[in-house]
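Below is one structure, written out as structure tokens; the observations come after it.
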Amino acid sequence: MLAIKGGKPVRNIPYPPHTTTGEEEAQAAADIVRKGILSDFEGSNNRWFLGGDCVKRFEREWAEHFGVKHAISVNSATSGLFAAIGAAGVAPGDEVITTPWTMTATAAAIVAYHAVPIFADIEADTFTLDPKAVEKKITPRTKAIMPVHIYGHPADMDPILALAKKHKLAVIEDASQSPAIKYKGKYTGAIGDMGVFSLNCHKIIQTGEGGFVTTDDDELARRLQLIRNHAEAVIATGFEHSTLVNMVGWNYRLNEMEAAIGSVQLRKLDELLRVRRELAERLTAGIKDLPGLLMPAIKKGCGHSYYRYPLRLDVKKLGFGAQTLVKVLNAEGLDWYPGYTPLNLFPLYQEQIGFGPDGCPFRCAHYKGGKLDYSMKTLPTVERMRHESLSTETITHQRDNAEIDEMIEAFRKVWDDLDVVRELDRPSKPAKAVARR
1427 MLAIKGGKPV
1437 RNIPYPPHTT
1447 TGEEEAQAAA
1457 DIVRKGILSD
1467 FEGSNNRWFL
1477 GGDCVKRFER
1487 EWAEHFGVKH
1497 AISVNSATSG
1507 LFAAIGAAGV
1517 APGDEVITTP
1527 WTMTATAAAI
1537 VAYHAVPIFA
1547 DIEADTFTLD
1557 PKAVEKKITP
1567 RTKAIMPVHI
1577 YGHPADMDPI
1587 LALAKKHKLA
1597 VIEDASQSPA
1607 IKYKGKYTGA
1617 IGDMGVFSLN
1627 CHKIIQTGEG
1637 GFVTTDDDEL
1647 ARRLQLIRNH
1657 AEAVIATGFE
1667 HSTLVNMVGW
1677 NYRLNEMEAA
1687 IGSVQLRKLD
1697 ELLRVRRELA
1707 ERLTAGIKDL
1717 PGLLMPAIKK
1727 GCGHSYYRYP
1737 LRLDVKKLGF
1747 GAQTLVKVLN
1757 AEGLDWYPGY
1767 TPLNLFPLYQ
1777 EQIGFGPDGC
1787 PFRCAHYKGG
1797 KLDYSMKTLP
1807 TVERMRHESL
1817 STETITHQRD
1827 NAEIDEMIEA
1837 FRKVWDDLDV
1847 VRELDRPSKP
1857 AKAVARR
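Read left to right, the sequence shown gives residues 1427 to 1863 (our numbering).
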């Protein structure tokens, strides 16, 4: 009997918190504490403008690992996205095309520069930006394209780069979920003009909070470094610069302890990905024969980090949607989530109010694009995936084969009782009115 109907669940203990650190990281952090220099940045044109020894070393290591010329550390991927948008010269009234199937910071970075996010549809098999949908959204106001390598599978970058070249647009990759994953021989985050990585505590490697922006362009690197560290003050003290556009700086700096931990974590990245891949492949092998259940896609020439392990449902064949399946699986002790709530449905975009009462940037005088449509009308695949997809973050290096087999057992248990699941998905019928005398 299914647990949701009172049966015994397959798993009866919660999954432990995601951790990637050990004694090496503890030693690295302790060394910094003993040294006493927890951060070594100054927002001025001097030798501390680029930070301390650990930050500089970590940046060199990151650049070498991913084969890029510049790696600029930041205190979060959110900060990295904000810095990248600024470095690209995005201005009030500009449009940036991105996906609604992502974490909120991707689009918030656009809004922060009083530009307007334009959401394009996704590909059903990978959940990444559909280049054909992107092309339809390009206007004279478009300044950049922001693909997201969501769940850890690369977006289809070749046609996106071709569109960017044709229309002279910047390409900023959000590679937060796909570190060390390749698209046709090149690492995600090292394909477009800039790539943003996350070292948040939930990511495959982490420093608690932190991130990187990578680029091969010297000018973009300099602009990123300025935005990261109080640009206006640094320029005022004699730093050479080519333009003052977006040179309002912030404090997006990584500290020495995070950098020291990050150097240790980076050495573990490939092994952590190997373990994830093997466990994900084991789960796929154990459930791929279940009718109506569609496995994670991996396109030719692409890898997958399995930051999240996604599944899709043939709803017509099964007779129920992802919301119902998630409830049934979680009752068995698993930890799954239905598809994203797309960003365009957030109040920020539905109400079109960002900064001030006049609705900037959506309804400010500097935006000449007319009335914005943040409905689901042009996002049919996103709308389908809301109801037809589910994913989990529990397939990490902390799992073992026995726990993956436990997941397989839970899925197969559910598929042995699909009629019960279908019944759960049906809305309850209203009680018939009773005639009164």
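Glycine residues also receive a C-beta, built at the ideal position from the N, C-alpha and C atoms.
These figures come from a predicted structure and were not determined experimentally.
So, under 8 Å CB-CB, residue i and residue j are touching, yes? Tell me the CB distance rounded to an integer number of Å.
| i | j | result |
| --- | --- | --- |
| T1369 | E1684 | The structure shown does not extend to residue 1369, since the chain is modelled only from 1427 through 1863, so no value can be given for it. |
| P1736 | F1553 | 6 Å |
| E1599 | P1573 | 6 Å |
| L1850 | V1754 | 7 Å |
| L1720 | P1768 | About 20 Å separates the two Cβ atoms, so there is no contact after all. |
| L1650 | A1513 | 5 Å |
| D1740 | G1712 | Contact flag wrong, Cβ pair sits at about 19 Å. |
| F1638 | A1497 | 5 Å |
| N1655 | G1469 | 5 Å |
| A1706 | A1429 | Not really, about 24 Å apart at Cβ, beyond 8 Å. |
| D1460 | Y1577 | According to the sequence displayed, residue 1460 carries Arg and not Asp. Between Y1577 and R1460 the Cβ distance is about 40 Å, and since that is not below 8 Å, they are no contact. |
| I1523 | I1458 | Not really, about 41 Å apart at Cβ, beyond 8 Å. |
Can you tell me which residues form a DSSP beta bridge with residue i?
| i | result |
| --- | --- |
| C1786 | F1781 |
| D1600 | V1574 and V1622 |
| F1638 | S1499 and F1623 |
| K1608 | Y1613 |
| P1764 | L1816 |
| L1720 | R1738 |
Relative to the alpha-carbon of residue i, which residue among the options has its alpha-carbon at the smallest distance?
| i | options | result |
| --- | --- | --- |
| Q1691 | L1670, H1656, I1631 and A1570 | I1631 |
| S1815 | I1821, T1807 and T1822 | T1807 |
| D1799 | Y1609, F1788 and R1473 | F1788 |
| W1488 | V1622, D1584 and A1570 | V1622 |
| G1796 | P1717, F1781, E1521 and V1752 | E1521 |
| Y1678 | M1427, A1455, Y1609 and G1477 | G1477 |
| Y1732 | T1820, F1545, I1430 and A1596 | T1820 |
| M1620 | G1515, C1728 and T1568 | G1515 |
| Y1441 | N1770, G1512, D1761 and A1828 | D1761 |
| K1629 | S1604, D1643, R1648 and K1608 | S1604 |
| W1474 | K1461, G1432, E1682 and R1460 | E1682 |
| R1702 | H1823, M1833 and G1729 | H1823 |
| M1583 | K1725, A1517 and A1531 | K1725 |
| G1782 | G1712, I1544, K1569 and V1537 | V1537 |
| I1687 | N1438, I1430, R1483 and L1587 | R1483 |
| E1809 | E1485, L1771, Y1613 and D1466 | L1771 |
| A1550 | T1568, R1649, Y1539 and T1525 | T1525 |
| A1723 | S1502, H1579 and V1597 | H1579 |
| G1448 | A1836, R1693 and K1803 | R1693 |
| I1586 | D1843, N1472, K1569 and V1560 | V1560 |
| H1575 | V1847, A1616, K1591 and Q1749 | A1616 |
| E1829 | L1709, A1534 and H1813 | L1709 |
| V1481 | N1501, V1494, H1491 and R1825 | N1501 |
| S1465 | A1452, D1479 and N1471 | D1479 |
| K1569 | M1529, I1511 and A1533 | I1511 |
| M1811 | W1841, I1548, A1535 and T1504 | I1548 |
| L1420 | E1485, I1439, A1590 and V1436 | A question about residue 1420 goes unanswered here, because the residues of the chain that appear run from 1427 up to 1863. |
| E1635 | G1729, C1627 and T1663 | C1627 |
| L1595 | G1618, I1607 and E1704 | G1618 |
| S1505 | Y1609, G1493, A1531 and L1751 | A1531 |
| L1670 | G1780, T1663, C1790 and E1658 | E1658 |
| H1730 | R1700, K1743 and L1555 | R1700 |
Taking the continuous alpha helix (DSSP H) assigned at residue i, which residues delimit it?
| i | result |
| --- | --- |
| M1583 | M1583 to H1593 |
| K1569 | From DSSP, K1569 is part of no alpha helix (DSSP H) but of the beta strand (DSSP E) over T1568 to M1572. |
| I1661 | A1657 to A1662 |
| F1623 | Note, F1623: premise wrong, no alpha helix (DSSP H); beta strand (DSSP E) at M1620 to S1624. |
| D1845 | L1844 to D1851 |
| L1739 | Element bounds for L1739: not the alpha helix (DSSP H) but the beta strand (DSSP E), Y1735 to L1739. |
| L1695 | E1682 to I1713 |
| N1770 | Element bounds for N1770: n/a, residue is neither H nor E. |
| R1679 | Neither: R1679 is in no alpha helix (DSSP H) and is coded neither H nor E. |
| Q1632 | Unbroken run through Q1632: none, as it is neither H nor E. |
| V1754 | A1748 to A1757 |
| I1617 | Element bounds for I1617: n/a, residue is neither H nor E. |
| D1643 | From DSSP, D1643 is part of no alpha helix (DSSP H); its letter is neither H nor E. |
Is the Cβ of residue i closer than 8 Å to any Cβ of chain B?
| i | result |
| --- | --- |
| I1586 | Judged by its chain identifiers, the structure shown contains no chain B, having just a single protein chain. |
Quiz item: Which ranges would you report for the alpha helix (DSSP H) in the stretch 1435 to 1482 if only whole runs of at least 4 residues count?
Solution: 1449 to 1461
Quiz item: What are the start and end residues of each continuous beta strand (DSSP E) run of 3 or more residues lying completely inside the stretch 1480 to 1557, in chain order?
Solution: 1496 to 1500, 1521 to 1524 and 1542 to 1545
Quiz prompt | alpha helix (DSSP H) runs contained entirely in the stretch 1800 to 1849, provided each spans 4 or more residues | solution = 1806 to 1814 and 1827 to 1841
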